[in-house]
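Novice: Take a look at the following structure, please.
Residue numbers (this note's numbering): 82 to 437.
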């Protein structure tokens, strides 16, 4: 028997009866899952962002603190170093006491190589940039090495000291010519990096206070031989002032008197506070009896060590901590006024030239 077959027919359109949409429950579940997923992504992003901000803040705080401590330690340790001359030798000054800007408190060794001011700027505040009230300041004086040394003999009436190579110093730099017996300090009037150092009386821009005129009445303290050495004279005041690099912030700054006239430099941004204590030997037995603030020091020549405390902050990285921090510094509480990250850095520095 032959059976007739009908061809299968396919419709290009699905049958309406076989199509189902999402139920309301399924739609709500999908929405909840989506919200949870988005929330998880946002939570991870916020957490990662906060972790990054915290790490960035910590990096800034520690970098500023360590650099500031290193700078201060290196200079303070050498307080009172006078080159080749012994501590008992007198440093003769050939600077012009009538010259513009002459100030023996910062330009002479004989007025002391260490001085401090407790919670005040001291007498040189007019040369400072935005001194921060309530912070300490410290003045140090010392000699530092040069690239060359005297070549041959230097008579006492000489106005020029010949060197064995380029000086490595600028015109106007205060220098110390010394040996084991004597020291003479004057301002270099030779050109930058010359192979000589001169003590002419020339003044003018960049040459203050200048020297007394070289003559028979204004000679070096002695005739120096080939064993003489020459050093830079460095006189510096460290303080906390306004930052030029980051307006609205504070920085460790330095007034430098090595070229005669004060030059203000910004060193480390993010320094909030600076406190100094001085270890004084009160009975001359070579041991420190007490650490005092600058206002309580009785004899600056009896200071054998300096303890510095610096608080640094995370500068422009704000809202790092949940509440303003409270830190301990020199036995007292210090409270921040914002939610930046802060940290205290401390160091006690022995003065090499005053320790037995």
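From the three backbone atoms N, C-alpha and C, an ideal C-beta is built for every residue, glycine too. As the structure is a prediction and not an experimental result, all values here were calculated from the model.
Count the other CB atoms, across all protein chains shown, that sit within 10 Å of the CB of residue 271; report buried if there are 16 or more and exposed otherwise.
Specialist: It is buried - the Cβ of residue 271 has at least 16 other Cβ atoms within 10 Å.
Novice: Looking at C-alpha atoms only, which residue of 187, 217, 137 and 145 is the closest neighbour of residue 411?
Specialist: The option with the nearest alpha carbon to residue 411 is 217.
Novice: With DSSP as the reference, label residue 413 as helix, strand or coil.
Specialist: Residue 413 falls in the strand class under three-state DSSP.
Novice: Determine, for residue 381, whether the minimum Cβ-Cβ distance to residues of chain B falls below 8 Å.
Specialist: Here there is only one protein chain, and chain B is not present.
Novice: For a quick check, are the C-beta atoms of residue 348 and residue 209 less than 8 Å apart?
Specialist: Cβ atoms of residue 348 and residue 209: not closer than 8 Å.
Novice: Just reading off the alpha helix (DSSP H) that residue 188 is part of, what are its end residues?
Specialist: Start and end: 185-188.
Novice: Just reading off the beta strand (DSSP E) that residue 442 is part of, what are its end residues?
Specialist: Past the edges of the chain, shown from 82 to 437, lies residue 442, and the structure says nothing about it.
Novice: Rounded to a whole number of angstroms, what is the C-alpha to C-alpha distance between residue 213 and residue 274?
Specialist: Cα to Cα, residue 213 sits roughly 37 Å from residue 274.
Novice: Considering only residues of the region 209-233, which uninterrupted beta strand (DSSP E) runs meet the minimum length of 3 residues and lie entirely inside it, listed in chain order?
Specialist: Runs found: 218-226.
Novice: Please state whether the Cβ-Cβ distance between residue 142 and residue 432 is less than 8 Å.
Specialist: Not closer than 8 Å, so no.
Novice: Report the start-end ranges of each beta strand (DSSP E) in the region 243-300 that is 3 residues or longer and not cut off at the edges.
Specialist: Here the runs fully enclosed are 255-259, 264-268 and 277-279.
Novice: How many Å lie between residue 140 and residue 160 at the Cα?
Specialist: Roughly 31 Å between the two C-alpha positions.
Novice: Quick check: the region 225-243 against the region 393-413, are at least 3 beta-carbon pairs closer than 8 Å?
Specialist: Short answer: they don't touch.
Novice: Using the rule of at least 16 other Cβ atoms within 10 Å of the residue's Cβ for burial, across every protein chain shown, is residue 405 buried or exposed?
Specialist: Residue 405 should be labelled exposed.
Novice: I need the straight-line Cα distance from residue 435 to residue 369, nearest angstrom please.
Specialist: The straight-line gap from Cα to Cα measures roughly 11 Å.
Novice: In the DSSP assignment, find the unbroken beta strand (DSSP E) run with residue 423 in it and report its ends.
Specialist: Element bounds for residue 423: 423-431.
Novice: Report all residues from its chain with a CB closer than 7 Å to the CB of residue 180; omit the five preceding and five following residues, and keep chain order.
Specialist: 284, 289, 290 and 291, listed in sequence order.
Novice: Counting Cβ pairs, one atom from each stretch, are 3 or more of them under 8 Å apart for the region 257-270 and the region 321-331?
Specialist: These segments do not touch.
Novice: Put residue 241 into one of helix, strand or coil per three-state DSSP.
Specialist: It is a strand residue.
Novice: Given a threshold of 16 other Cβ atoms within 10 Å of its Cβ, counted over all protein chains shown, does residue 229 qualify as buried or as exposed?
Specialist: Buried, by the Cβ-count rule.
Novice: Expressed to the nearest angstrom, what Euclidean distance is found between the alpha-carbon atoms of residue 258 and residue 401?
Specialist: One C-alpha to the other measures close to 53 Å.
Novice: With H, G and I counted as helix, E and B as strand and the rest as coil, what does DSSP make of residue 387?
Specialist: Here residue 387 sits in strand by DSSP.
Novice: In three-state DSSP terms, what is residue 57?
Specialist: This structure leaves residue 57 out entirely; the chain is present only between 82 and 437.
Novice: Any chance you could list the beta strand (DSSP E) runs of at least 3 consecutive residues sitting entirely within the region 303-383, in chain order?
Specialist: For the region 303-383, whole beta strand (DSSP E) runs of length 3 or above, ordered along the chain, are 310-323, 331-337, 344-350, 352-361 and 371-373.
Novice: Just to confirm, are residue 250 and residue 157 a CB contact at a threshold of 8 Å?
Specialist: Contact: no.
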